[in-house]
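Participant:
This is how it looks when you write it as structure tokens:
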């Protein structure tokens with residue numbers, strides 16, 4: 116199958132990861148294509164930064180225009196495809212950064228669903244689209260254990276999909292970005 120890149124600018128109500136993925140999956144349902152890689156990007160070219168989203172599809176949808184319109188409706192703005200022009204804004208930034216691997220935070224990537232709670236760094240690289248595991252304080256050995264807690268958000272850096280990790284209790288590493296970074300009031304909120 117041929118991969119195709121599409122990009123859009125999600126509205127404020129679809130930005131959180133779960134909402135974004137649900138919107139993308141709903142728009143692509145029945146199209147004959149799926150979003151195998153979904154990345155968020157920040158466009159800082161305007162006074163107020165905006166989020167763009169880039170999707171690498173598994174193939175061309177059976178009805179590309181209808182699928183593009185459905186995606187635009189759920190995202191709340193226009194959807195660009197690779198080669199469809201160079202309109203400025205968050206969608207164009209997302210498309211450019213994702214295609215080049217220059218930047219972007221991946222909320223879905225190949226192999227993600229099969230990652231267990233704890234995995235060796237080398238196995239993570241072998242079984243997913245993540246190409247490198249990097250520690251905040253230095254290199255991470257292939258045998259180092261990563262406690263994913265079921266949540267991974269690798270980022271594009273220098274053309275490589277990279278997972279940034281930090282040391283955690285018990286001699287393992289954990290992803291630098293955790294799912295719930297702030298727990299206040301004893302977890303009551």
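Numbering (the numbering used here), first residue to last: 116 to 304. We treat Cβ as the ideally placed atom computed from N, Cα and C, and that holds for glycine.
1) Can you tell me whether residue 210 is helix, strand or coil according to DSSP?
2) Just how far apart, CA to CA, sit residue 233 and residue 266?
3) Compare the Cα-Cα distances from residue 71 to each of 218, 250, 189 and report the closest residue.
4) Can you list, in chain order, the residues of its chain with a C-beta nearer than 7 Å to that of residue 269? Leave out the 5 residues immediately preceding and following it.
5) Is there contact here, the region 118-133 with the region 203-218, by at least three beta-carbon pairs under 8 Å?
6) Have a look at residue 164 and residue 282 and give me their C-alpha separation to the nearest angstrom.
7) Tell me which same chain residues have a C-beta within less than 6 Å of the C-beta of residue 236, skipping the five on either side of it?
8) Would you identify the three-state DSSP class for residue 184, choosing helix, strand or coil?
9) Counting only the same chain and skipping the five closest in sequence on each side, list residues whose C-beta sits under 8 Å from that of residue 192.
10) Count the other C-beta atoms from every protein chain shown that fall within 10 angstroms of the C-beta of residue 213, then say buried if there are 16 or more, exposed otherwise.
11) Leaving out five residues before and five after residue 292 in sequence, what residues of the same chain have Cβ atoms less than 7 Å from its Cβ?
Facilitator: According to the data block:
1) Along the chain shown, one-based indexing puts residue 210 at 95. Of the three classes helix, strand and coil, the one that applies to residue 210 here is helix, per DSSP.
2) Residue 233 sits at position 118 when you count from the first residue of the chain shown. Residue 266 sits at position 151 when you count from the first residue of the chain shown. Approximately 11 Å between the Cα atoms of the pair.
3) This structure gives no information on residue 71, because the portion of the chain shown stretches from 116 to 304.
4) Against the chain shown, residue 269 aligns to sequence position 154. Excluding sequence neighbours, residue 269 sits near 221, 224, 245, 276, 277, 278.
5) The region 118-133 is in contact with the region 203-218.
6) Along the chain shown, one-based indexing puts residue 164 at 49. Along the chain shown, one-based indexing puts residue 282 at 167. Their backbone Cα atoms lie some 31 Å apart in a straight line.
7) Translated into positions along the chain shown, residue 236 becomes position 121. Here the set comprises 248, 255, 257, 259, 261.
8) Here residue 184 refers to the residue found at position 69 when the chain shown is read from its first residue. If DSSP states are grouped into helix, strand and coil, residue 184 belongs with the helices.
9) As a first step, residue 192 is located in the chain shown; it is residue number 77 there, counting from the start. Only 123, 124, 125, 126, 206 meet the Cβ criterion.
10) By one-based count along the chain shown, residue 213 stands at place 98. Only buried fits residue 213, as 16 or more other CB atoms lie within 10 angstroms of its CB.
11) If you number the chain shown from 1, residue 292 lands on position 177. Result list for residue 292: 268, in chain order.
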